[in-house]
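Going by full-length UniProt numbering, the residue at position 32 of the sequence shown is 32; the numbering climbs one at a time, nothing skipped. Just so you know, even glycine gets a beta-carbon here, dropped at the ideal spot from N, CA and C. Since the model is a prediction, treat every value here as computed from it, not as a measurement.
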Amino acid sequence: MDADCRTRLGGSADDDAHLRDTCRLANAWEFIEQLPEGLSTEVGERGVQLSGGQKQRIAIARAILKLPQVLLLDEATSALDVESEQVVQRALDEVIRATSCTTIVIAHRLATIRNADKIVVLHSGVVQEQGSPKELASRCGGAYARLLQVQNGDDPSERPEAGEVLEDNGKLECNGNVKLECNGNGLEEADRGLRRRCEAA
């Protein structure tokens, strides 16, 4: 159904100042301001076509205007391209910081929940683990840590088997967990973010 931006946001002409502030918070005002008639621009099949990311930001702004006590976001960025996802994610982060409502985020893309206070990992309806993003990421072999590795392009299934050593451009990788880099003075070991000097082999 076609309607202008103001109607889609659930506001009226008397609320334009409030709508503008809310749209800024949702990272939506920049594109709304550039529409032919701003908030009065008709959008939809017979009007201006909005991108997926723009529609998501309109939806976020509409949710903020309702001042909910609980905000439920179900795969809020799953249908977006990478660039749009980043813009929408920044908007969500800003909204969560600026409002006092409890926010529950359902997501497969872990970037969506990187700033969460608490994460609950579910598999087939069963809780696998829970904790802060930092706690879960540090659990070697944990469900969240494995998902994080896969989404960061570091698939554990492609790592060497135990005892197997690969050499490539001066780098040694053993057991898939420890990376040794030759820097001309010896080997430097990087393991879980901690670095220490070790003897050259």
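Residue i to residue j span [Cα, whole Å]
i	j	result
Gly142	Ser78	24 Å
Cys5	Leu80	21 Å
Ala145	Val88	24 Å
Thr99	Gln69	9 Å
Glu158	Val150	A caution first: Glu158 carries a pLDDT of 47, below 50, which makes its placement in the model unreliable, though a value can still be read off. Those two C-alpha atoms are separated by around 10 Å.
Val121	Arg46	43 Å
Arg20	Trp29	6 Å
Ser12	Phe31	19 Å
Gly125	Glu94	30 Å
Gly44	Lys55	10 Å
Spatially closest choice to residue i from the options, by CA coordinates
i	options	result
Ala111	Gly38, Ser12, Asn152	Asn152
Ile64	Val150, Leu92, Ala137	Leu92
Asp133	Arg114, Leu71, Ala3	It should be pointed out that residue 133 corresponds to Pro in this sequence rather than to Asp. Answer by Cα proximity: Arg114.
Thr7	Ala59, Ala26, Glu30, Asp21	Ala59
Leu136	Gly125, Ile119, Ser12	Ile119
Gly53	Gln86, Pro36, Asp117, Gly10	Gln86
Distance cut-off 7 Å: residue i Cβ against heavy atoms of the ligand MG
i	result
Arg114	As far as ligands go, the structure on display features none, and thus does not contain the ligand MG.
Where residue i falls: helix, strand or coil (DSSP)
i	result
Leu35	coil
Glu30	helix
Leu72	strand
Asn175	At Asn175 the pLDDT is 40, less than 50, meaning the model places this residue with poor confidence; the figure from the coordinates comes in the next sentence. Looking at Asn175 - three-state DSSP - the assignment turns out to be coil, as it is neither helix nor strand.
C-beta contact flag for residue i and residue j at 8 Å
i	j	result
Leu39	Asp74	no
Arg90	Asn27	yes
Thr22	Ala61	yes
Leu67	Ile104	no
Glu42	Ala3	yes
Beta strand (DSSP E) segments (min. 3 residues) lying fully within the stretch 78 to 135
102 to 106, 119 to 123, 126 to 131
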